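Heads up: the structure comes next, in structure tokens.
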Amino acid sequence: MSAAHERTPSRPGPGPLGRGLRLRRWDASADSDVATWLRGRSDPEFRRWNTPLSAVTDLDGARASLRTQAEREDEGTCAHFCVTDADSGNPLGHIGLNMIDRVTRVARVGYWVLPEARGRRVATRALALASRWAFTELGLHRLELGHAVGHGASCRIAENCGFAYEGTLRGAMPEAGRPDAFRDVHLHARLATDPDPDAHER
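When you read off a place in the sequence shown, starting at 1, and then add 27, the result is the number in our numbering.
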């Protein structure tokens, strides 16, 4: 598979609105966004199931992380959104498209939800909304979603949004807090040609 990426001169336009959510760009200059990013990335549940290469542990690190993310968006290799309530604008979590390859039209999707927003199907609604946006606005053909084996909630979210289980990737993710140990990952994927499950109605 080609690793080449087409470069885009600027980030894609405003994020999508629907299913009771608005997906908007993160703003590294906004203190509230920096605080939300830190809270989400340092949450114990996030750290249990995700193993980022660079941990975010303070506000300075959170701001630097958001700035790096914005630079990658300018390069056209990712698209990250703060998931907010459509009515109040309150932040609920994050969803992002990573490793966007415009040659093969493939990207990887990831998400997390703030503790107070859990149990409201935020991730399911955000994934459904972002997937449709990626297929229609970015013209992508395939979206991949990987999660650590044992993360049942993420598995259900993927399936509810039409991401079919395609197999287990052995030793594909470091253990939480253990860069010297590895765990298996379930791979799910959805194609632009797959039926839209209309997950918000489920």
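Backbone N, C-alpha and C fix where the C-beta goes; we use that ideal spot for every residue, glycine too.
Note that this is a predicted model, so its numbers are computed, not measured.
Three-way DSSP call (helix, strand, coil) for SER29 in this model: For this step, residue 29 is matched to residue 2 along the sequence shown. Residue confidence for SER29 is low, a pLDDT of 37 falling below 50, so the modelled location carries little weight; the figure read from the coordinates is stated next. Coil.
Collapsed DSSP secondary structure at ALA144 in the structure displayed: On the sequence shown, residue 144 is found 117 positions in, with the first residue counted as 1. Here ALA144 sits in helix by DSSP.
DSSP puts TRP139 in a beta bridge; with which residues? Here residue 139 refers to the residue found at position 112 of the sequence shown. Answer by DSSP bridge pairing, in chain order: HIS121.
My guess is that PHE190 and PRO201 are in contact by the Cβ rule of under 8 Å, so how many angstroms apart are they, rounded? Against the sequence shown, residue 190 aligns to sequence position 163. Against the sequence shown, residue 201 aligns to sequence position 174. About 23 Å separates the two Cβ atoms, so there is no contact after all.
Could you tell me the distance, in whole angstroms, from the CA atom of ASP221 to the CA atom of ARG148? Counting from one through the sequence shown, the residue named residue 221 turns up at place 194. Counting from one through the sequence shown, the residue named residue 148 turns up at place 121. Straight-line Cα distance between these residues: approximately 22 Å.
Own chain residues within Cβ distance below 8 Å of PHE73, not counting five before or after: As a position in the sequence shown, residue 73 is number 46, starting the count at 1. So the qualifying residues of the chain are GLY67, TRP139.
If we call anything under 7 Å between Cβ atoms a contact, is LEU167 one with ARG145? As a first step, residue 167 must be located in the sequence shown, where it is residue number 140. As a first step, residue 145 must be located in the sequence shown, where it is residue number 118. For LEU167 and ARG145, no; Cβs fall outside 7 Å.
Alpha-carbon to alpha-carbon, THR111 and SER158: Indexing the sequence shown from 1 puts residue 158 at position 131. Indexing the sequence shown from 1 puts residue 111 at position 84. Cα-Cα distance, rounded: 16 Å.
Would you say ARG217 and LEU48 are within 7 Å of each other, going by their C-beta atoms? Position 190 of the sequence shown, counted from the first residue, corresponds to residue 217. Position 21 of the sequence shown, counted from the first residue, corresponds to residue 48. Cβ atoms of ARG217 and LEU48: not closer than 7 Å.
What do you get for ALA161, buried or exposed, if any count of 16 or more other CB atoms within 10 angstroms of its CB means buried? By one-based count along the sequence shown, residue 161 stands at place 134. By the neighbour-count rule (16 or more Cβ atoms within 10 Å), ALA161 is buried.
Expressed to the nearest angstrom, what Euclidean distance is found between the alpha-carbon atoms of ARG205 and LEU44? Looking up residue 205 in the sequence shown gives position 178. Looking up residue 44 in the sequence shown gives position 17. Going by the C-alpha atoms only, they are around 38 Å apart.
Going by DSSP, what residues sit across from MET126 in a beta bridge? What you label residue 126 is simply residue 99 of the sequence shown in a count that begins at 1. Looking at the DSSP assignment, MET126 forms no beta bridge with any residue, so it has no partner.
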